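So that you can map any letter, position 97 of the sequence shown is 107 in my numbering, and since no number is skipped, the others follow by simple counting.
Everything on this sheet refers to the single structure shown next.
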Amino acid sequence: MTYHCKIRPSKYDRVVAKIDTDLFGEFIPLEHLWVTFDRQSMDKDRMRPWFLSPLSDGECVSSNGFTPFALHNLDSFPISDIRAQRGESYYEEHRVVYICLDKGKGYAIVQGSEYYEVTFTYIDDTIHDILCNCYCEGHCKHEYAVLL
Ligand SMILES: [Zn+2]
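Here's what the structure looks like:
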């Protein structure tokens, strides 16, 4: 069946997530998450349009230097206490709706006032860089939620 409709960009995620439900491979329930180890099941390029409208600004670039840190030592992540607390709430509210790690390159989608994309590099328990496409100056609650 072919269906034509007009979609407001702000409602895009709700509509597309209901329509595009073809998945492949095996998913394992883990607490509130569905986990797969099959890269073909749902890669980020397929997942992305479930949440982000086609009018998204795309990737951000940052000129700030970043000092790599061990993920098990999250205290060394340079973020204010208030942002870290909000990030913790986001994590507990299950607002990290998608996370994918492929050969050290990480990608996540976090639900805030809208959906934001977080990219990071994770190799040998070390975060080498992390960047969110929200308009926060410096590191944000979305990044912190993903790190948790
Ligand atoms: Zn952010």
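From the three backbone atoms N, C-alpha and C, an ideal C-beta is built for every residue, glycine too.
Because the structure is a prediction, the values reported are computed rather than measured.
For ARG96, I'd like the list of residues in its chain whose CB is within less than 6 Å of its CB, leaving aside the five on either flank, ordered along the chain.
-> Locating residue 96 in the sequence shown gives position 86, where the first residue counts as 1. So the list reads LYS151, once near-sequence residues are dropped.
Any idea which residues DSSP pairs LEU141 with across the strands?
-> Along the sequence shown, read from residue 1 onward, the residue named residue 141 stands at position 131. Per DSSP, THR129.
Please work out which residues of its chain come closer than 7 Å, Cβ to Cβ, to TYR108, disregarding the five sequence neighbours upstream and downstream, and give them in chain order.
-> To locate residue 108, count along the sequence shown from 1; it is residue 98. Once the five neighbours on either side are set aside, the close Cβ partners of TYR108 are MET57, ALA118, ILE119.
Say the cut is 6 Å; is the CB of CYS150 nearer than that to a heavy atom of ligand 1?
-> Position 140 of the sequence shown, counted from the first residue, corresponds to residue 150. Yes, Cβ of CYS150 sits closer than 6 Å to a heavy atom of ligand 1.
By how many angstroms is the C-alpha of LEU158 removed from the C-alpha of TRP60?
-> Taking the first residue of the sequence shown as 1, we reach residue 60 at position 50. Taking the first residue of the sequence shown as 1, we reach residue 158 at position 148. Each residue's alpha carbon lies about 23 Å from the other.
Going straight from the alpha carbon of TYR126 to that of SER63, what length do you get?
-> Stepping through the sequence shown from its first residue, residue 126 is reached at position 116. Stepping through the sequence shown from its first residue, residue 63 is reached at position 53. For TYR126 and SER63, the distance between alpha carbons rounds to 11 Å.
Should HIS149 be labelled buried (16 or more other beta-carbon atoms within 10 Å of its own) or exposed?
-> Locating residue 149 in the sequence shown gives position 139, where the first residue counts as 1. When all chains shown are included, HIS149 counts as buried.
Helix, strand or coil at PRO64 according to DSSP, with G and I counted as helix = On the sequence shown, residue 64 is found 54 positions in, with the first residue counted as 1. In this structure, PRO64 counts as coil in the three-state DSSP scheme.
Which whole-angstrom value describes the C-beta separation of ALA80 and ASP135, a residue pair presumed to lie in contact below a C-beta threshold of 8 Å?
-> What you label residue 80 is simply residue 70 of the sequence shown in a count that begins at 1. What you label residue 135 is simply residue 125 of the sequence shown in a count that begins at 1. The pair is a contact, with the Cβ atoms about 5 Å apart (cut-off 8 Å).
Under the rule that 16 or more other beta-carbon atoms within 10 Å means buried, what is VAL128, buried or exposed?
-> Counting from one through the sequence shown, the residue named residue 128 turns up at place 118. Buried.
For the beta strand (DSSP E) that contains ASP112, what are its first and last residues?
-> As a working note, residue 112 is residue 102 in the sequence shown. First-last of the beta strand (DSSP E) with ASP112: 106 to 112.
Simplified DSSP state of ILE92, which is helix, strand or coil = For the purposes of this step, residue 92 is taken as the residue at position 82 of the sequence shown. Three-state result, ILE92: helix.
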